[in-house]
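Chain order of the listed sequences is E and P.
150 is the number that my numbering gives to position 150 of the first sequence; each next residue is one higher, with no gaps.
Adding 167 to a residue's 1-based position in the second sequence gives its number in my numbering.
Every residue gets a Cβ at the ideal spot worked out from N, C-alpha and C, and that includes glycine.
As the structure is a prediction and not an experimental result, all values here were calculated from the model.
Protein chains: 2
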Amino acid sequence: MNDDARSGCPINLALETLGDRWSLIVIRDIMFGNRRHYRELLGQSEEGIASNILADRLKKLVAKGLLTRTDDPSHKQKAFYNLTEPAIALVPLLAHMGAWGRRHLPTTPELAIRAQLLEEGGPPLWEDFMTELRHAHLGVALPAAHVPVLARLTAAYEAEVARQRPA
Amino acid sequence: MNDDARSGCPINLALETLGDRWSLIVIRDIMFGNRRHYRELLGQSEEGIASNILADRLKKLVAKGLLTRTDDPSHKQKAFYNLTEPAIALVPLLAHMGAWGRRHLPTTPELAIRAQLLEEGGPPLWEDFMTELRHAHLGVALPAAHVPVLARLTAAYEAEVARQRPA
DNA sequence: AAAACTGATTGCAAAATGCAAGTGCTATAA
DNA sequence: TTATAGCACTTGCATTTTGCAATCAGTTTT
């Protein structure tokens, strides 16, 4: 336990790292939206995150070991963000948070469909998703029999969006 | 979805309710520490929560339907707080958060033992715990075969405290 | 009567948030 | 070549939140 922490309780320590309005939103967007650049995260933010908050959170998440930042070869200033293993290990937490939100809060269907699929899939699906994230973000090899998770989540989202929109 | 929300995503909505430094700490203390009065929550807070923050969060959690507040017959001013079903349904989320904190952050053993037991017990233990919380906070009857969960968590905590303290 | 308890509230400074404009470098389009 | 767009921030400012510690006024206990 480091000296700045208010206690060594795991929940408290997790909240000292992630207990704010925006950090898990940033992780969500990288994880589920595959947004890897600052402009993508800023411009495509469903919640309209402020530029200074996004910059601040990205910096903090890198400092705390939840993200890594690398240069993108396509532009001298462009930064590329990857999730680390601790961030990937947040999948079950985010799945539970999504399930809880779906049940107890007034969600919209197109934004809730991914949470529904994760809840229905349960821990085996979360493990598959984490395996896929390790591949995409850490360069770990995928098993031969891997069934894509993120593509399935995204397809369900897009189908729901099309469903909500009259032709 | 109500008009103040930044989006209808379940994760976002959960974070609009609970995405701050202190709300889940308050719920944790009521849930695991069985602290049901303001002074208990304030005086026994491992993290030293500030009085105005505690008062503010209790009020907000009541307003959002996660806590109920009733008068305590022993003192005209004394308030008694109970978890609601949505708060009890946060057990898996808190269990995951604790497990994540134990694995990725520098926790102290006596404060991490409960998280360890919850992780080892998995969903069956969480269900038992939620059943017990429904009894304690909502007055729902306990099954005859119920094995106490909170008492076991507390005993493990106290054993760990005694273990860390030389005689 | 004095002290302790009750759930707050208050005064203040520091920190964080949110909006929108601005910065200086890099890449692309005209 | 010049103008425009893209890049990840940064900045100025007002508002809100946090955190510390003292205070409040009613209630109960000593």
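Straight-line CA distance for residue i to residue j?
{"i": "glutamine 211 of chain P", "j": "lysine 243 of chain P", "result": "22 Å"}
{"i": "serine 23 of chain E", "j": "glutamate 85 of chain E", "result": "16 Å"}
{"i": "lysine 64 of chain E", "j": "arginine 39 of chain E", "result": "22 Å"}
{"i": "histidine 135 of chain E", "j": "arginine 36 of chain E", "result": "15 Å"}
{"i": "glutamate 294 of chain P", "j": "proline 315 of chain P", "result": "12 Å"}
{"i": "serine 174 of chain P", "j": "threonine 184 of chain P", "result": "13 Å"}
{"i": "valine 193 of chain P", "j": "alanine 217 of chain P", "result": "12 Å"}
{"i": "leucine 278 of chain P", "j": "isoleucine 255 of chain P", "result": "21 Å"}
{"i": "leucine 208 of chain P", "j": "leucine 150 of chain E", "result": "42 Å"}
{"i": "leucine 320 of chain P", "j": "alanine 311 of chain P", "result": "20 Å"}
{"i": "glycine 268 of chain P", "j": "glycine 215 of chain P", "result": "19 Å"}
{"i": "lysine 245 of chain P", "j": "arginine 195 of chain P", "result": "21 Å"}
{"i": "glutamate 46 of chain E", "j": "glycine 122 of chain E", "result": "26 Å"}
{"i": "leucine 228 of chain P", "j": "leucine 234 of chain P", "result": "6 Å"}
{"i": "isoleucine 280 of chain P", "j": "alanine 322 of chain P", "result": "10 Å"}
{"i": "arginine 165 of chain E", "j": "methionine 130 of chain E", "result": "32 Å"}
{"i": "glycine 200 of chain P", "j": "phenylalanine 80 of chain E", "result": "43 Å"}
{"i": "glycine 306 of chain P", "j": "isoleucine 30 of chain E", "result": "42 Å"}
{"i": "asparagine 249 of chain P", "j": "tyrosine 157 of chain E", "result": "37 Å"}
{"i": "valine 328 of chain P", "j": "proline 124 of chain E", "result": "36 Å"}
{"i": "histidine 313 of chain P", "j": "arginine 188 of chain P", "result": "34 Å"}
{"i": "cysteine 176 of chain P", "j": "leucine 117 of chain E", "result": "14 Å"}
Helix, strand or coil: how does DSSP classify residue i here?
{"i": "arginine 319 of chain P", "result": "helix"}
{"i": "alanine 326 of chain P", "result": "helix"}
{"i": "proline 310 of chain P", "result": "coil"}
{"i": "aspartate 128 of chain E", "result": "helix"}
{"i": "arginine 332 of chain P", "result": "coil"}
{"i": "glycine 121 of chain E", "result": "helix"}
{"i": "arginine 173 of chain P", "result": "coil"}
Mark residue i as exposed unless 16 or more other C-beta atoms lie within 10 angstroms of its C-beta, in which case mark it buried.
{"i": "histidine 304 of chain P", "result": "buried"}
{"i": "glutamate 119 of chain E", "result": "buried"}
{"i": "leucine 93 of chain E", "result": "buried"}
{"i": "arginine 330 of chain P", "result": "exposed"}
{"i": "leucine 225 of chain P", "result": "buried"}
{"i": "valine 91 of chain E", "result": "buried"}
{"i": "alanine 266 of chain P", "result": "buried"}
{"i": "histidine 96 of chain E", "result": "buried"}
{"i": "glycine 132 of chain E", "result": "It should be pointed out that residue 132 of chain E corresponds to glutamate in this sequence rather than to glycine. The residue is buried, with at least 16 neighbouring Cβ atoms inside 10 Å."}
{"i": "alanine 326 of chain P", "result": "exposed"}
{"i": "alanine 282 of chain P", "result": "buried"}
{"i": "aspartate 171 of chain P", "result": "exposed"}
{"i": "leucine 142 of chain E", "result": "exposed"}
{"i": "glycine 19 of chain E", "result": "buried"}
Any heavy atom of the ligand SAH within a distance shorter than 6 Å of the CB on residue i?
{"i": "glycine 122 of chain E", "result": "For the ligand SAH, the structure offers nothing, since it holds no ligand at all."}
May I have a chain-ordered list of the beta strand (DSSP E) segments no shorter than 3 residues that lie completely inside the stretch 187-275 of chain P? 234-238, 246-250
Should the stretch 171-184 of chain P be regarded as contacting the stretch 92-110 of chain E, the criterion being three or more beta carbon pairs within less than 8 Å? yes
Does the contact criterion of 3 or more C-beta pairs under 8 Å hold for the stretch 226-240 of chain P versus the stretch 45-59 of chain E? no
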